Structure formats: structure tokens, C-alpha cells
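Using the numbering used here, read the sequence shown as starting at 12 and increasing by one per residue. One structure is given here, and the rest of the page talks about it.
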Amino acid sequence: MIATRFAPSPNGSLHLGHAYAAVVAHDLARAHGGLFRLRIEDIDGARSRPELAREALDDLAWLGLAWDGPVRYQSQRLADHAAAGERLKSLGLLYPCHCTRAEIAAAATTMGPDGPVYPGTCKHRAAAPEGAAWRLDMGKALALTGPLNWYDECAGLQAADPARFGDVVLLRKDLPASYHLAATLDDAADGITLVTRGLDLFAATHIHRLLQALLGLPVPVWHHHALLVETDGRKLAKRRGSPSLADRRRAGEDGRAIAQALREGTFPAGLSLGEGVALLP
Ligand code: GLU
């Protein structure tokens with residue numbers, strides 16, 4: 012049985028782009044008689060707000076998207092994330108790093124999908140583990156796994172290419188995880204077989220596939236969908252006047268009708284679907 016998920020981070024109100032992502036995950040699960048799971052990615056203590064997590068649940072109910080099973084909270088999995096981090100450390104695949112963003116920006120010579128590629132400064136100077144972030148030694152990791160592939164329902168078979176990210180942070184200074192490690196571990200723990208999310212996270216999947224190989228996790232299929240964008244091509248953002256789902260809900264709009272319009276490709280004025288594959292064939 013397939014299982015999909017919607018995994019919002021409660022650090023801002025959900026908007027129509029999130030609604031679209033939730034509709035994709037929900038409808039793909041329903042089309043295959045599978046499960047639609049909801050996971051709140053609330054490990055960023057500085058930015059996550061419990062009231063926004065509650066708001067997201069209300070938004071989904073208003074859209075008419077019922078999830079299966081209990082809501083999963085990523086913050087309850089920190090011990091599992093830490094254990095996986097220890098395993099990677101014991102394999103000699105992580106090293107501590109104390110560099111600041113500014114130092115990295117000044118020393119980097121290459122740009123990766125997420126910004127400057129880490130130039131490896133701390134790899135060569137045996138940095139102290141206390142208070143460090145822990146980076147993946149990409150060269151060592153790839154030597155261990157060899158070439159890997161992953162499959163996207165829309166884009167087809169992909170040769171994993173995590174090297175372009177360089178030595179990514181897997182354990183943050185303030186957390187026993189990073190988005191990449193936490194999302195990969197939690198998708199496995201939640202039994203997700205079809206990872207549905209926006210195309211903005213397509214490149215991140217190269218890292219997730221590598222982590223699955225290193226940690227012996229099951230390998231799902233991915234479905235990266237097109238993003239809802241403003242007509243000038245920019246991603247939706249509340250600060251540019253795109254009302255949140257909660258604003259629309261409180262204004263008395265019909266959430267189910269909005270979900271249906273998103274399915275049918277009838278978007279509110281000023282919005283369209285960016286490049287990529289639409290919801291369902
Ligand atoms: N929590 C992420 C976000 O809200 C999504 C993560 C994912 O789908 O893998 O952007």
C-alpha cells in the first residue's frame with residue numbers, strides 16, 4: 012500500500028501553495044487506495060510556533076483533506092535523529108565544524124543548490140566537537156555507497172548527485188538533526204513510500220537518497236510537483252499580499268471549493284502553476 016505525506020513547517024501560516032502540495036499528497040494517496048499522512052516539521056525551536064501547527068490542522072480540515080492516523084510531530088523524534096547522527100559519526104562520516112556563514116561565504120569558491128559549497132575548512136583542522144555543527148564528509152560517504160539512483164514519478168530515473176552540495180550539515184549546532192536528516196529518517200519511520208513535495212526540494216532528494224543508503228533505510232519513490240507561483244514566476248509569499256489559508260478561512264471562503272479549484276487547475280487571479288508536472292495526468 013502506498014503512503015504519501017504532507018509535511019509543513021509551522022514557522023509561518025500556510026498559503027495556497029501549501030494547499031496545492033497537500034491536495035497532491037492527499038489525492039495521490041486516495042487514487043491508489045493508500046494512506047495520506049500528516050507530519051508537522053517543528054524541530055526548528057527558534058522559528059516553530061505551536062499555534063501555527065494547530066492552525067495548519069484547521070486549514071487542512073477546512074480544505075476537506077483528512078489525513079490517516081495520528082499527526083506526527085518531528086520534535087518527538089529528536090532521540091532517533093540523534094541516534095542516527097551517532098551512527099554516522101561512528102562510521103567516521105561526520106566531522107565537527109565551527110565556521111560561521113560569513114566565513115564560509117568568504118572562503119567558498121563554488122556555489123551549490125543551497126548556496127556556497129562548504130570549502131572543507133574544519134575537515135582539515137580537527138575542530139572541537141563541543142558546540143559544533145556536524146558535516147557529512149561527502150567524499151567518504153560516496154566512496155562507501157558507490158553510485159545511486161532514485162526515481163521520480165514525474166521526472167523519471169535520476170542519477171543521485173549529492174556531491175554538488177558538498178559537505179552538508181547533518182546535525183546543527185542547536186539540534187541533533189538538520190532538515191535533510193530529520194525528513195529522511197521520519198519518512199522512513201512513517202512508512203512513506205511516495206514522497207510528494209514541491210519541485211523546490213528536487214535537488215535535496217540527492218542528499219536524502221545518499222542518507223538512505225548510508226543508514227540502510229527503505230527507498231521510496233518521489234513525486235516532485237510544480238509549484239504554484241505568482242504570474243511573474245515568483246513563489247507565493249504572504250508578504251507580497253498572498254493571503255494565508257487561515258485568512259481565507261476566517262473570511263468565510265469555502266475551503267473545499269478552493270481545494271477542488273486547485274485540482275482542476277483553476278487558480279485565483281495572479282497565480283499559475285510553474286514549470287513542472289501538474290497534479291494528476
Ligand atoms: N517542511 C518542509 C517545508 O515546509 C517540507 C519538507 C518536505 O516535504 O520534505 O518546506
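Every residue gets a Cβ at the ideal spot worked out from N, C-alpha and C, and that includes glycine. Everything numeric in this text was worked out from a predicted model, so none of it was measured.
In whole angstroms, what is the alpha-carbon distance linking residue i and residue j?
{"i": "Leu-290", "j": "Arg-245", "result": "At Leu-290, the pLDDT of 48 sits below 50, so the modelled position is not reliable and the matter cannot be decided from this model."}
{"i": "Pro-229", "j": "Ile-203", "result": "9 Å"}
{"i": "Asp-243", "j": "Ala-67", "result": "27 Å"}
{"i": "Val-258", "j": "Ala-64", "result": "Before going on, a small fix: residue 258 reads as Asp here, not Val. Rounded to the nearest angstrom, the two C-alpha atoms are 15 Å apart."}
{"i": "Leu-282", "j": "Gly-167", "result": "27 Å"}
{"i": "Glu-97", "j": "Gln-169", "result": "29 Å"}
{"i": "Ala-188", "j": "His-26", "result": "26 Å"}
{"i": "Pro-19", "j": "His-29", "result": "8 Å"}
{"i": "Pro-292", "j": "Ser-101", "result": "Unreliable positioning characterises Pro-292 in this predicted model, as indicated by a pLDDT of 31, which lies under 50. The coordinate reading is nonetheless provided below. Going from the Cα of Pro-292 to the Cα of Ser-101 covers about 45 Å."}
{"i": "Asp-178", "j": "Gly-263", "result": "48 Å"}
{"i": "Gln-85", "j": "Leu-186", "result": "12 Å"}
{"i": "Asp-265", "j": "Ala-139", "result": "55 Å"}
{"i": "Ala-137", "j": "Tyr-106", "result": "8 Å"}
{"i": "Thr-156", "j": "Gln-223", "result": "10 Å"}
{"i": "Met-122", "j": "Phe-176", "result": "8 Å"}
{"i": "Asp-238", "j": "Leu-210", "result": "In the sequence under discussion, the amino acid at residue 238 is Leu, which differs from the Asp named in the question. Looking at the two C-alpha atoms, the distance is approximately 7 Å."}
{"i": "Leu-71", "j": "Glu-141", "result": "41 Å"}
{"i": "Ala-113", "j": "Ala-268", "result": "47 Å"}
{"i": "Leu-247", "j": "Ala-119", "result": "30 Å"}
{"i": "Leu-99", "j": "Arg-260", "result": "44 Å"}
{"i": "Ala-280", "j": "Ala-40", "result": "29 Å"}
{"i": "Tyr-129", "j": "His-135", "result": "12 Å"}
{"i": "Arg-83", "j": "Glu-241", "result": "31 Å"}
{"i": "Gln-87", "j": "Tyr-190", "result": "14 Å"}
{"i": "Ser-255", "j": "Gly-23", "result": "9 Å"}
{"i": "Ser-253", "j": "Ala-154", "result": "46 Å"}
{"i": "Gly-285", "j": "Pro-81", "result": "32 Å"}
{"i": "Ala-93", "j": "Asp-69", "result": "31 Å"}
Using C-beta distances below 6 Å, list every residue in its chain close to residue i, excluding the 5 sequence neighbours before and after it, in chain order.
{"i": "Ala-214", "result": "Pro-124"}
{"i": "Met-12", "result": "Gly-45"}
{"i": "Ala-174", "result": "Met-149"}
{"i": "Ala-144", "result": "Cys-108, Val-180, Arg-183 and Lys-184"}
{"i": "His-217", "result": "Ala-171, Asp-172 and Pro-173"}
{"i": "Pro-61", "result": "none"}
Leaving out five residues before and five after residue i in sequence, what residues of the same chain have Cβ atoms less than 7 Å from its Cβ?
{"i": "Ala-116", "result": "Pro-127"}
{"i": "Ala-95", "result": "Leu-192, Leu-196 and Leu-226"}
{"i": "Cys-110", "result": "Thr-132 and Cys-133"}
{"i": "Ala-152", "result": "Leu-104, Leu-221 and Leu-225"}
{"i": "Asp-79", "result": "Leu-46, Phe-47 and Arg-48"}
{"i": "Pro-21", "result": "Ile-51, Asp-53, Ser-59, Arg-60, Leu-63, Ala-64 and Ala-67"}
So the candidates are the options; which of them puts its Cα closest to the Cα of residue i?
{"i": "Pro-231", "options": "Ala-42, Ala-193, Lys-184 and Tyr-162", "result": "Tyr-162"}
{"i": "Asp-38", "options": "Leu-74, Asp-69, Ala-64 and His-26", "result": "Leu-74"}
{"i": "Thr-277", "options": "Ser-255, Ala-194, Tyr-31 and Leu-210", "result": "Tyr-31"}
{"i": "Asn-160", "options": "Arg-88, Asp-265, Ala-262 and His-219", "result": "His-219"}
{"i": "His-43", "options": "Ala-14, Arg-260 and Asn-22", "result": "Ala-14"}
{"i": "Asp-91", "options": "Gly-285, Ala-194 and Leu-284", "result": "Ala-194"}
If you drop the 5 nearest sequence neighbours on each side, which residues of the same chain put their C-beta closer than 8 Å to that of residue i?
{"i": "Val-34", "result": "Leu-74, Leu-76, Ala-270, Leu-273, Arg-274 and Leu-290"}
{"i": "Arg-16", "result": "Ala-36, Phe-47, Arg-48, Leu-49, Arg-50, Asp-198, Asp-201, Ile-203, Val-206 and Thr-207"}
{"i": "Leu-212", "result": "His-235"}
{"i": "Leu-89", "result": "Ile-54, Leu-186, Pro-187 and Ala-188"}
{"i": "Pro-158", "result": "Ala-170 and Ala-171"}
Problem set entry | Nearest-residue set for ligand 1, Cβ under 5 Å from any heavy atom | Ala-18, Pro-19, Ser-20, Glu-52, Ala-194 and Arg-208
Exercise. So does the stretch 146 to 153 actually touch the stretch 50 to 61, counting three or more Cβ pairs closer than 8 Å?
Worked result: no
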